[in-house]
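Asks: Structure in structure tokens, see below.
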Ligand code: F6R
């Protein structure tokens with residue numbers, strides 16, 4: 001996971017940048033680099049592997065500039081070579097980047113046509129060439145970045161330095177976090193407060209879409225529309241290391257907002273971004289062709305991730321999947337077939353029931369694969385194959401980012417299974433992976449609904465019960481929505497398959513009952529609209545989460561609609577998870593509960 005540091009200093013900055021990059025090592029990386037302004041020119045040192053390789057290069061051939069940017073790269077587009085390491089440069093500019101530029105292929109072709117020569121396989125290099133293109137047309141650095149940013153699609157954080165400009169650095173944030181540090185005659189940019197802790201604890205966090213112009217005197221922050229805005233300067237408390245809440249009121253809020261970034265990291269772990277193919281980094285000790293049935297076992301939110309994955313495995317790979325909550329699987333003496341695959345999903349990797357189920361599956365001679373966030377955990381250690389999710393530490397007891405990272409890892413595994421079983425063609429794989437690549441950006445778009453959801457939460461907070469409905473992959477998400485709401489707001493909530501409404505829960509509906517309907521416009525949308533009519537006819541208050549087409553087609557009264565971005569129907573739970581989580585979070589805030597540590601709950605459930 002890439003780390004960014006930028007320093008506008010009073011003396012040579014290269015050593016400080018490397019020290020700061022060391023504090024970002026925890027994010028994981030496989031190459032690193034620094035660029036500083038040497039006189040009027042930008043000079044770079046980059047190295048494969050660990051920071052000590054970069055330090056050795058700097059020892060032999062130091063950089064003396066007083067302004068510079070540095071980066072630890074976690075390879076996504078292209079191998080971890082020196083040529084692919086950041087900073088990337090084009091005439092007049094150098095840049096470091098964290099995230100994904102989705103439309104890098106189109107931009108690269110366009111820039112190559114106008115004469116740009118590319119030296120790497122990365123998506124980042126197009127950013128350098130794009131800004132350079134505008135510089136060469138006569139734009140100032142600020143105007144060049146201003147023109148380039150709206151052309152970039154994806155989720156990213158960027159830091160730029162410019163030839164001939166010893167007192168100018170520009171940063172930008174869309175999806176991936178970026179912090180501004182205020183020093184005494186010095187200014188800084190960093191992926192997080194931890195990177196900047198040796199220099200300052202006065203930090204502003206850029207908001208989504210913000211870009212910032214730094215000089216040694218200070219920072220001018222602009223929002224996405226270009227208006228100058230103020231962002232609070234706060235004491236970072238980065239001494240508390242990774243458990244920093246940044247400028248969020250709760251860890252849960254921070255973790256919801258981190259999703260575009262960490263889901264992007266998880267994606268890049270399992271696909272080759274350059275070719276848009278699934279590329280699992282581990283060798284599977286079985287052939288999906290030989291698997292007759294997959295059993296998925298987990299608890300709580302993790303089990304709902306497994307439930308969504310069931311739809312994917314069955315659709316993409318045509319392999320039957322059983323999903324069990326671990327506490328049932330371990331005692332129900334399920335007949336399993338030796339050599340079949342058992343998947344275990346766990347954030348903590350320590351959940352007692354999931355661990356017991358894993359041991360049972362091993363005893364039965366099944367292949368075991370764990371999707372876990374804590375890679376040092378018991379479940380990770382005892383599983384035959386491990387697929388780490390790269391959510392980073394999840395502190396809020398209610399799982400948010402671990403859930404969507406689990407979904408991302410499982411989506412790539414399901415595509416790999418479909419390919420291996422000959423159910424998906426190369427073209428199908430490319431289409432599906434292309435759909436996944438868009439997810440971090442779509443999550444960023446989904447986060448823009450926060451203000452509307454916060455307003456809605458004030459009404460939900462007055463309710464005694466809430467119903468969540470969905471069909472297809474939105475059904476497990478309805479279960480997750482209900483779980484999220486009840487565990488942190490203590491409001492009773494139930495999730496149902498929308499088609500089940502008539503078989504019982506409809507009896508509950510009256511004008512006091514909010515019904516959250518998760519219904520992207522897909523092949524079952526019409527059916528869900530009928531269920532909504534049934535709710536409306538009984539006075540229920542519908543909150544519809546859909547896309548533009550769904551909003552246009554659903555004509556039901558007494559309805560609040562949250563319009564999500566258009567996307568590939570297969571992967572909607574990854575993006576619709578965001579309004580579902582935000583609704584639970586803001587309702588809990590209105591209720592005044594202990595959001596991060598709800599009563600009676602533990603983060604890691606190590607007892608039965
Ligand atoms: C709900 C939640 C729990 C966990 C469950 C499994 O927000 O966090 O339902 O998902 O306790 O925990 P892990 O994933 O650590 O096995």
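Numbering (UniProt numbering), first residue to last: 1 to 608.
Every residue gets a Cβ at the ideal spot worked out from N, C-alpha and C, and that includes glycine.
Within the same chain, show all residues whose beta-carbon is closer than 6 Å to that of residue 528, passing over the 5 residues directly before and after it, in chain order.
Replies: For this step, residue 528 is matched to residue 528 along the chain shown. These residues qualify, in order along the chain: 471, 498, 519.
Asks: Give the list of continuous beta strand (DSSP E) stretches no shorter than 3 residues that lie fully inside the UniProt domain "SIS" (284-423).
Replies: You should have 294-298, 321-325, 341-346, 367-372, 385-388.
Asks: Residue 232: buried (16+ other C-beta within 10 angstroms of its C-beta) or exposed?
Replies: The residue labelled residue 232 in the question sits at position 232 within the chain shown. Exposed.
Asks: Got a sec, what are the start and stop residues for the beta strand (DSSP E) residue 205 sits in?
Replies: Translated into the one-based positions of the chain shown, residue 205 becomes position 205. It spans 202-205 - the beta strand (DSSP E) in which residue 205 sits, taken as one unbroken run.
Asks: Would you decide whether residue 222 is buried or exposed? Buried here means 16 or more other CB atoms lie within 10 Å of its CB.
Replies: Stepping through the chain shown from its first residue, residue 222 is reached at position 222. Counting Cβ neighbours within 10 Å, residue 222 comes out buried, since at least 16 surround it.
Asks: Does residue 40 come out as helix, strand or coil in the three-state DSSP assignment?
Replies: The sequence position of residue 40 within the chain shown is 40, counting from 1. Three-state result, residue 40: coil.
Asks: Alpha carbon to alpha carbon, how far is residue 65 from residue 11?
Replies: Within the chain shown, numbered from 1, the residue matching residue 65 stands at position 65. Within the chain shown, numbered from 1, the residue matching residue 11 stands at position 11. Approximately 8 Å between the Cα atoms of the pair.
Asks: Is any non-hydrogen atom of the ligand F6R found closer than 7 Å to the C-beta of residue 354, if you look at the structure I gave you?
Replies: For the purposes of this step, residue 354 is taken as residue 354 along the chain shown, with counting starting at 1. Yes; taking the cut-off as 7 Å, the Cβ of residue 354 has a heavy atom of the ligand F6R nearer than that.
Asks: Hey, is the segment 17-28 in contact with the segment 38-45, meaning 3+ C-beta pairs nearer than 8 Å?
Replies: The answer is no - the segment 38-45 does not touch the segment 17-28, with fewer than three Cβ pairs under 8 Å.
Asks: Within 10 Å of its beta-carbon, does residue 693 have 16 or more other beta-carbons around it, so buried, or fewer, so exposed?
Replies: In the structure displayed, the chain extends from 1 to 608; residue 693 sits before or after that span and is not available.
Asks: Quick check: is the beta carbon of residue 176 nearer than 8 Å to any beta carbon in chain C?
Replies: Looking for chain C here will not work: only one protein chain is present.
Asks: Where residue 342 and residue 411 are concerned, what is the direct C-alpha to C-alpha distance, given to the nearest angstrom?
Replies: The count along the chain shown starts at 1 and reaches residue 342 at position 342. The count along the chain shown starts at 1 and reaches residue 411 at position 411. Computed Cα separation, rounded: 16 Å.
Asks: Span of the beta strand (DSSP E) holding residue 72?
Replies: Within the chain shown, residue 72 is the residue found at index 72, counting from 1. Unbroken beta strand (DSSP E) run through residue 72: 67-73.
Asks: Name, in chain order, the residues that DSSP records as bridge partners for residue 431.
Replies: Numbered from 1 along the chain shown, position 431 holds the residue referred to as residue 431. Residue 431 pairs with nothing; no bridge assigned.
Asks: Which partner residues does residue 545 have in the DSSP bridge list?
Replies: As a working mapping, residue 545 is identified with position 545 in the chain shown. Residue 545 is bridged to 518, 562.
Asks: How long is the line joining the alpha carbons of residue 561 and residue 552, rounded to whole angstroms?
Replies: Taking the chain shown and counting its residues from 1, one reaches residue 561 at position 561. Taking the chain shown and counting its residues from 1, one reaches residue 552 at position 552. If you take the alpha carbons of residue 561 and residue 552, they lie about 10 Å apart.
Asks: When you compare each of 345, 339, 372, 375 to residue 362 by their alpha carbons, which one comes out closest?
Replies: Within the chain shown, numbered from 1, the residue matching residue 362 stands at position 362. Answer by Cα proximity: 339.
Asks: Quick one, are the C-beta atoms of residue 32 and residue 58 less than 8 Å apart?
Replies: By 1-based counting over the chain shown, the position of residue 32 is 32. By 1-based counting over the chain shown, the position of residue 58 is 58. Contact: no.
Asks: Report yes or no: do three or more beta-carbon pairs, one from the segment 476-483 and one from the segment 206-214, lie closer than 8 Å?
Replies: Contact fails: fewer than three Cβ-Cβ distances are below 8 Å.
Asks: CA-CA distance, residue 301 and residue 599?
Replies: Start at 1 with the first residue of the chain shown, and residue 301 comes out as number 301. Start at 1 with the first residue of the chain shown, and residue 599 comes out as number 599. For residue 301 and residue 599, the distance between alpha carbons rounds to 17 Å.
Asks: Classify residue 326 as buried or exposed, calling it buried when 16 or more other Cβ atoms lie within 10 Å of its own Cβ.
Replies: The sequence position of residue 326 within the chain shown is 326, counting from 1. Buried, by the Cβ-count rule.
Asks: Check whether the Cβ of residue 259 sits closer than 7 Å to any heavy atom of the ligand F6R, and report yes or no.
Replies: In the chain shown, residue 259 corresponds to position 259, counting from 1. Not under cutoff, so the answer is no.
Asks: Please go through the same chain and pick out, in chain order, the residues whose beta-carbon is closer than 6 Å to the beta-carbon of residue 324, but skip the five residues on each side of it.
Replies: As a working mapping, residue 324 is identified with position 324 in the chain shown. The residues are 297.
Asks: Smallest Cα separation from residue 193: which of 277, 389, 184, 180?
Replies: Residue 193 sits at position 193 when you count from the first residue of the chain shown. When only C-alpha atoms are compared, the closest one is 180.
Asks: Would you call residue 275 buried or exposed, if buried means 16 or more other Cβ atoms sit within 10 Å of its Cβ?
Replies: Within the chain shown, the letter at position 275 stands for residue 275. Exposed, because fewer than 16 other Cβ atoms sit within 10 Å of the Cβ of residue 275.
Asks: Along the beta strand (DSSP E) that carries residue 49, what are the first and last residues, could you check?
Replies: Position 49 of the chain shown, counting from 1, holds the residue named residue 49. Where residue 49 is concerned, there is no enclosing beta strand (DSSP E), given that its DSSP letter is neither H nor E.
Asks: Roughly how many whole angstroms lie between the Cα atoms of residue 168 and residue 393?
Replies: The count along the chain shown starts at 1 and reaches residue 168 at position 168. The count along the chain shown starts at 1 and reaches residue 393 at position 393. So the alpha carbons of these two residues sit roughly 34 Å apart.
Asks: In the DSSP assignment, find the unbroken beta strand (DSSP E) run with residue 572 in it and report its ends.
Replies: Taking the chain shown and counting its residues from 1, one reaches residue 572 at position 572. No beta strand (DSSP E) holds residue 572; the alpha helix (DSSP H) holding it covers 572-591.
Asks: If you follow the beta strand (DSSP E) that residue 182 is part of, which residue opens it and which one closes it?
Replies: Here the question's residue 182 lines up with position 182 in the chain shown. Counting along the chain, the beta strand (DSSP E) containing residue 182 begins and ends at 179-182.
Asks: Quick one: residues in its chain with C-beta nearer than 6 Å to the C-beta of residue 184, no 5 flanking neighbours on either side, listed in chain order?
Replies: Numbered from its first residue, the chain shown carries residue 184 at position 184. Correct list: empty, nothing qualifies.
Asks: Using the C-alpha atoms, what's the distance from residue 201 back to residue 238?
Replies: Reading the chain shown from its first residue, position 238 is the one you call residue 238. Reading the chain shown from its first residue, position 201 is the one you call residue 201. Here residue 238 scores only 47 on pLDDT, less than 50, and its place in the model is too uncertain to base an answer on.
Asks: In angstroms, rounded to a whole number, what distance separates the CA positions of residue 215 and residue 385?
Replies: Working through the chain shown from its first residue, we reach residue 215 at position 215. Working through the chain shown from its first residue, we reach residue 385 at position 385. The alpha-carbon atoms of residue 215 and residue 385 are separated by roughly 49 Å.
Asks: Among 286, 287, 272, whose alpha-carbon lies nearest the alpha-carbon of residue 280?
Replies: Here residue 280 refers to the residue found at position 280 when the chain shown is read from its first residue. The candidate whose alpha carbon is nearest that of residue 280 is 272.
Asks: Using DSSP with H/G/I as helix, E/B as strand and the rest coil, what is residue 468?
Replies: Along the chain shown, one-based indexing puts residue 468 at 468. Note: residue 468 maps to strand in three-state DSSP.
Asks: Does the distance from the C-beta atom of residue 35 to that of residue 161 stay below 8 Å?
Replies: Residue 35 sits at position 35 when you count from the first residue of the chain shown. Residue 161 sits at position 161 when you count from the first residue of the chain shown. The answer is yes: Cβ separation under 8 Å.
Asks: Can you find a heavy atom of the ligand F6R that lies under 7 Å from the Cβ of residue 301?
Replies: Numbered from its first residue, the chain shown carries residue 301 at position 301. Yes.
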